[in-house]
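Undergrad:
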Amino acid sequence: MTILTDRPASRSDEVILRRPVRALTITVAVLVVALLGLGAWAVYDYAAERDSAVTGEMQTLLDDYTTAWNNHDGEAFLALVTSDYTFDSGIGVTPAESQALALESGPLSDFIVEILGEPIMVGDGPWIVAQANHVTFGSTDQLGMSLLVVVDEGGELKVASHVWDLS
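Under our numbering, think of the first position of the sequence shown as 11, with each following residue one higher.
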């Protein structure tokens, strides 16, 4: 017969410590597997090409187009756009020749464009390309979005229109 004042037999320290150590080991193992899975997913996501990524040829056109703007080079600008090109700044629509003149010696002679992030592209000809940018114009800084329509003109990509929207 057991008396209520009797104490249960004590467990050894080894048995008492074994359970928390085992639980901690399992928890650490699960966290390591989760961390490795997350790392693998991040590497895959970074390396995978998006459906909206620009092609190498398109990126070259965009780089040359931005360089023509930043160098205020009307001749290079005209070589990159179609003859019926238009630029819409939200204030008005400017044809190619007038835009080239404005870049070289007009009000845009101190205009600098900095591309922000990666451009995106949709379509299979003509293509619509969007890219965020930061524009410095005199003492004014503006964030905006350029939306370009690009066409294949005789095997060469050219900008057909450019709409610039301020944020």
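Backbone N, C-alpha and C fix where the C-beta goes; we use that ideal spot for every residue, glycine too. Note that this is a predicted model, so its numbers are computed, not measured.
Leaving out five residues on either side along the sequence, give the residues of the same chain with a beta carbon under 6 Å from the beta carbon of D98.
TA: Cβ within range, chain order: V173.
Undergrad: At the level of alpha carbons, what is the spacing between A63 and D162?
TA: So the alpha carbons of these two residues sit roughly 18 Å apart.
Undergrad: Return helix, strand or coil for S108, following the three-state DSSP convention.
TA: S108 falls in the helix class under three-state DSSP.
Undergrad: Per DSSP, L167 forms a beta bridge with which residues?
TA: Answer is D162.
Undergrad: What is the C-beta distance between V169 and V91, in whole angstroms, given that I count them as a contact (C-beta under 8 Å)?
TA: Rounded, the Cβ-Cβ distance is 5 Å, consistent with contact.
Undergrad: Can you name the start and end residues of the alpha helix (DSSP H) that T76 belongs to?
TA: Note, T76: alpha helix (DSSP H), G66 to N80.
Undergrad: Spatial neighbours of A78 within its chain, please: C-beta separation below 7 Å, excluding the five flanking residues on both sides.
TA: Only A86, F87 and L90 meet the Cβ criterion.
Undergrad: Start and end of the alpha helix (DSSP H) containing A63?
TA: Counting along the chain, A63 falls outside any alpha helix (DSSP H), and DSSP gives it neither H nor E.
Undergrad: Measuring CA to CA, which of N81, Y95, D120 and L71 is closest to S149?
TA: Nearest option by C-alpha distance: D120.
Undergrad: At what residues does the alpha helix (DSSP H) containing G84 begin and finish?
TA: Element bounds for G84: G84 to L90.
Undergrad: Bridge partners of G154, per DSSP?
TA: Paired residue(s): N143 and L176.
Undergrad: Suppose you measure from the CA of Q109 to the CA of G127; what does that come to, to the nearest Å?
TA: Going by the C-alpha atoms only, they are around 25 Å apart.
Undergrad: Quick check: the Cα distance between G49 and A142, rounded to an integer number of angstroms?
TA: Using only the alpha carbons, I get a separation of about 29 Å.
Undergrad: Do L113 and Q152 have their C-beta atoms closer together than 7 Å?
TA: Cβ distance not < 7 Å, so L113 and Q152 don't count as in contact.
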